[in-house]
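So the sequences go chain by chain: A and B.
Counting along the first sequence from 1, when you hit position 126 you're at 354 in my numbering, and nothing is skipped either side.
Counting along the second sequence from 1, when you hit position 505 you're at 585 in my numbering, and nothing is skipped either side.
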Amino acid sequence: MREKLEALKREALDRISAAGDLNLVNEIRVMYLGKKGELTGILRGMGSLSPEERPVIGQLANEVRESIENGLNSKTAALKEAEKYEKLDRETIDVTLPGRTFNVGRRHPLTQVMNEIKEIFLGLGFEIADGPEVELDYYNFEALNFPADHPARDMQDSFYIGDGVLLRTHTSSVQPRVMEKKAPAIPVKAIGLGKVYRRDDDATHSPMFHQVEGFMIDKKISFSDLKGVLLIVFRQMFGEDRQIRLRPSFFPFTEPSAEVDVSCIICNGEGCRTCSNTGWLEILGAGMIHPNVLKMSGYDPEQVTGFAFGMGIERVVMLKYGIDDLRLYFDNDKRFLAQF
Amino acid sequence: MRVSYKWLKDYVDIPVPPEELAEKMTMAGVAVENIEYPGKGLDNIVTARIEKISPHPNADKLVICSINTGSEVLQVVTGAPNVREGQVILLALVGAVLPGGRITRAKLRGIESYGMLCSAQELGLDPENFPPDQREGILEFPEDTHLGMDVKELLGLDDAILELELTPNRADCLSMVGVAREVAAVLGTALHLPEIAVREIAESINGKVSVTIEEPELCGRYVGRLVRKVRIGPSPVWMQRRLQAAGIRPISNIVDVTNYVLMELGQPLHAFDYDKLQDQAIIVRRGRPGEKMYSLDDVERELNPEMLVIGDAGRAVAIAGVMGGLDTEITEGTTSVLIESAWFNPASIHRTSKKLGLRSESSARFEKGIDINGCLLAATRACQLIDEMGAGETVRGAVDNFPRPQDNPVIRLRPERVSLIMGVEVPGDMIKEIMERLGFRAAPEGKDLLVEVPTRRGDIALEIDLIEEVARLFGYNNIPTTLPEGANTEARRTREQVITDQVAGVMVECGLMEIITLSFMNPRVFEMLSLAENDPLRNAVTIDNPLSEEQRYLRTTMIPGMLDIMSRNTARKNADLAFFEIGRIFSPVDGQKLPRETAALAAGVMGRTRGGWNTEPVPMDFYYLKGVMETLMEALNIRKYSIIPEMGNPAFHPGRTAILETAGERIGIIGEIHPGVLEKYRLNERACIMQVSIEGLIRASGGVRRYSPLPRYPAVDRDMAIVVGRDVPAVEINRVIRKTGGELLQDISLFDVYQGEQIKEGYKSMAFSLRFQASDRTLTDEEVNGIHEKIQQALKDRFEAELRS
Ligand SMILES: [Zn+2]
């Protein structure tokens, strides 16, 4: 009997070790350890043993059962483990395939830059003012010290809507509107942004475009303050190492007036095509608010002074993104809009 | 304004090269846009004499010249037809680079050639600037011309032309002397202005010319001087060269002199043939209705009372300040010349030159304002030049009709004001020095200066104008950079601005791209949108002077702009569009000058969402856009709004359109565009658009958000499927369910709508998921079943809904 048990054990362990899947392992379990299994069969023959032999063989039989069970358990565990790996392996995907898609919304590049400008000025304590796009001649010209016969007031250059009403030609019209409302309170710090209109339509002009106007009125505001504020603004817009340069210029509503250049954002002042090799980009007009303008809107120019500036948004966007055609802005081609 | 650096140096000391001068002027406010070097590239070209010409042994059309450059004799083979011995020509030496290429030592048909004889064209010069007989073929010079002289020196091309870009206030710089004054002020160097005086003959002008100014408002001064014994001919070469440098073509001595004085002093002059003036009278008057005159360019001009005209006793002889008349033109036979030097009203000249489409150097200067006190001097200067070139003799005296003499204004300038505006302390004596550099007399009075400003600086009338002069000559870039002192301000967006930004934000989150379209509207849009005759959208603000008929109106709706952009993208094969725009729409208001401007949101979708290899694209249809709208309402916390079917809008599909209402106010429309409209916009796919009033959204969005506690007891979910008539609106069913469900019904969500197989014709199946929950206890099955049955019953009663299992 001993031999039988030993043989059974060897046979069972061999089978277990050869088993390749869990079903087989279960079959083996039934085959050897089941109620009708071979071990049970052998043990059934215990009755024929002598009383001395019985406990010895009994113990041996238990050892055999244990060995087979251990064998089965560890095989099961091994197979389960292998199966897990196999499953992971089967589940492998091509991670280089593209992901699921979403519609991606975007702001128009002009709005993006206007929002950026708003943030900068809000941070500097400027409020965002608003004015109508259809404007009275008074706010667009007269209150800004444009003489009655100024060429800009010509029918040729502005869109007129009846007598003394026109599409605003610049956001500067926001200036007298705000001043009139606030006078004589100080300080006043405001910007106005939006659409403006001029009777021009060619490769470099659109009949509608966008501007930002900003101004500040207080006691003792000086030209040097204008320089300081603009320097901060341009550094925030175009980077900390920007420099500015002011050249005398002329606008009816400011005096002294200046064209403001910023060191070229493409070449850093070295000279390139964008800046026509000057190292500077002409970007903004500015100046001290003309005493006549202050007076007309209810401020005493002997008591307060102020500065004002105005800038075209389209040009800033062009510089920022290297856009070379103004017409793209209002063309609204999906492929253009998707780039910003 | 083109300024010759060489010519400028006659009037002012310039110790710096042209480039540095340009930089300094620009930084002082007279911008030099460009510097042109007329002699650029013309190197190794010298005067030389043809000593001997011999035939070429191998070519009939070529000759061999021995050419003396003063330092050597060179052999040159040429095919130029007009060569002869003794002729002084320009020789391009080996190494010279001409527009046609580099000159090299070459063999022409076996004979060595060491250069090339030059024509104007070959040098890249404008042949029109040379006498007629020299415009073709090689250039020829007087025989006594020095040999070996550089072409640049010979032709005055060793110059730099500064192109000034003047601001409208600096009309004083529209002349050489004006620029010289500016340069003297900028550099602080000495002026050398011409001494203006003329030799006069015994004959006096008294009784020779009568000048009447009928319109002193339009003609503030009229000076006339008379020149006798005029001999018409070419002007001296130096004068021609200077005019050419300034961009003016030489014509004849008298005309050239008027142009020269125009360039030199900035005073436009006109020369009349004195003998052709009827009664030798000058009458400055308005044009008469129907009056006609041939102008110098031989065009018949119709005059009118808007135009200022110079007349003689009988007719118009010039359009004041704009162009002279043909009848009194200077001709070869002219022997007496009346020189006009006048001041005309800038606005009047502007109107007239614009009306006639005639702009000249003269009209440009009158338009910008000339110095009324410079008229007499300029007339005299012209006489002086004519006298100096021996082209005529000046009659004694001048007619000077000066109805409104103007004195130099005196302006008080306060140094502390200068410092306040500039933001830097500028010492009083420095201010005084700057004034004097400008040629302004400055007399101290206490701490202040009394500054006398010559009338040539018509732009200076106020103290601030003088402060600007100080600032620009002090140098803007020498002014420090400071930050404003004083009270802080708080700045924040207004509620309107915040909500508008939020609206745009939601659109972007929903995957829409922002567009910006022009605010104009094409009148054709009314037809395109099939609008009724009385549709309020037809009531548009009209532009008096649009650039084109398509831009006649200001938009009353954002929808055509959206359709245009969809159409344009479709035409370019950009499919699957999702756009939004935020802008203003305009409508006239009775009795008010300004129209009403309201901000509106437009959103438009077409096609499908982006799909992918494993992403099913979603159709961007009505429900897609409605989802965008619902998301917007949720984001703005607008809970109470209704969507009401709209059948009457001709631009929209009658069965797929709705009005958005909040608190009884229509604030928007959403729907599929009418197929007929789609067709007109060449859209081959269904498109859905909504337009919502931003103001309406702002008014509706006042809701305060309050926290409600999260539920502590479990929820019970039950599904319910019903079959109802096709036309029963979902919103009605929803309302009944909600009402019947009471407060225990937490949430209703519709998860399926189905028509078709297994459903009777004219019916639809709808499946809802209902969530029941109480805040104070766990609901029992009996409770839930009870409510559920009540809801079913209610739906049955109200809509004859059948339960579907
Ligand atoms: Zn650059």
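From the three backbone atoms N, C-alpha and C, an ideal C-beta is built for every residue, glycine too.
Using a 10 angstroms sphere on the CB of V402(A), the tally of other CB atoms reaches 16 or more, which defines it as buried. In the DSSP annotation of this structure, Q214(B) is not part of any alpha helix (DSSP H), being labelled neither H nor E.
Chain-ordered, the chain A residues with CB closer than 7 Å to the CB of N249(B) read F478.
By the 16-neighbour rule on beta-carbons within 10 angstroms, M383(A) is exposed. Between the segment 256 to 267 of chain B and the segment 352 to 362 of chain B, the count of C-beta pairs closer than 8 Å stays below three; the two stretches do not touch.
Taking a contact as a CB-CB distance under 8 Å, the pair L681(B) and P640(B) does not count as one, their CB atoms being some 15 Å apart. A straight line joining the alpha-carbon of M256(B) with that of A351(B) spans about 21 Å. A buried status is given to M646(B), since no fewer than 16 other beta-carbon atoms sit within 10 Å of its beta-carbon.
Membership of P135(B) in the beta strand (DSSP E) is indicated by the continuous run 125 to 135. Inter-residue distance for A514(A) and F660(B) is about 34 Å (C-alpha atoms, whole angstroms). For L364(A), the nearest beta carbon of chain B is closer than 9 Å to its own beta carbon.
Runs of the alpha helix (DSSP H) spanning 4 or more residues and lying entirely within the segment 761 to 801 of chain B occur at 774 to 780, in chain order.
Remark: C-beta atoms of K372(B) and L388(B) do not approach each other more closely than 9 Å. With contacts defined as CB atoms closer than 9 Å, L465(B) and Y340(B) qualify as a contacting pair.
In the displayed model, I579(B) falls within a helix according to three-state DSSP. Counting only runs of 4+ residues, the alpha helix (DSSP H) found wholly inside the segment 478 to 557 of chain A occupies 519 to 524, 541 to 549, in chain order.
The Cβ-Cβ distance between Q439(A) and T482(A) does not fall below 9 Å. For N339(B), no beta strand (DSSP E) encloses it; the enclosing alpha helix (DSSP H) starts and ends at 333 to 345. If you compare the alpha carbons of E863(B), E441(B), F848(B), R494(B) with that of A854(B), the shortest gap goes to E863(B). Separation of the CB atoms of I419(B) and L349(B) is rounded to 6 Å, and the pair is thereby assigned contact status at 8 Å. Counting only Cβ-Cβ distances below 9 Å, S450(A) has contacts in chain B at S499, L500, I501, M502, G503, V504, I559, T562, P564, in chain order. Distance from the C-beta of G467(A) to the nearest heavy atom of ligand 1 is not below 8 Å. Going by beta carbons, R690(B) and G663(B) fall outside the 9 Å limit. Along the length of the segment 498 to 576 of chain B, whole alpha helix (DSSP H) runs at least 4 residues long occupy 508 to 517, 543 to 554, reported in chain order.
By the 16-neighbour rule on beta-carbons within 10 angstroms, L563(B) is exposed. What I769(B) touches in chain A, judged by beta-carbon distance under 9 Å, is nothing: the nearest beta carbon there is about 15 Å away.
In this chain, the alpha helix (DSSP H) harbouring D467(B) covers 455 to 468.
Your pair V364(B) and E409(B) does not check out as a contact, with CB atoms roughly 19 Å apart and the cut at 8 Å.
Interface annotation for the segment 326 to 360 of chain A against chain B: P326, R328, T329, F330, N331, V332, G333, R334, R335, H336, L338, T339, L350, G353, F354, E355, I356, P360, criterion Cβ-Cβ distance under 7 Å.
Contiguous alpha helix (DSSP H) elements confined to the segment 701 to 738 of chain B occur at 702 to 715, taking only those with 4 or more residues. Distance from the CA of G394(B) to the CA of A459(B), rounded to the nearest whole angstrom, comes to 25 Å.
D378(B) and G404(B) have their C-alpha atoms some 10 Å from each other. Chain B places a beta carbon closer than 9 Å to that of S434(A), counting this residue as a contact. Between ligand 1 and the CB of C500(A), the shortest heavy atom gap is smaller than 8 Å.
Contact between the segment 254 to 262 of chain A and the segment 317 to 331 of chain A is not established, with fewer than three Cβ pairs separated by less than 8 Å. Chain-order list of chain B residues neighbouring A566(A): M593, by C-beta distance under 8 Å.
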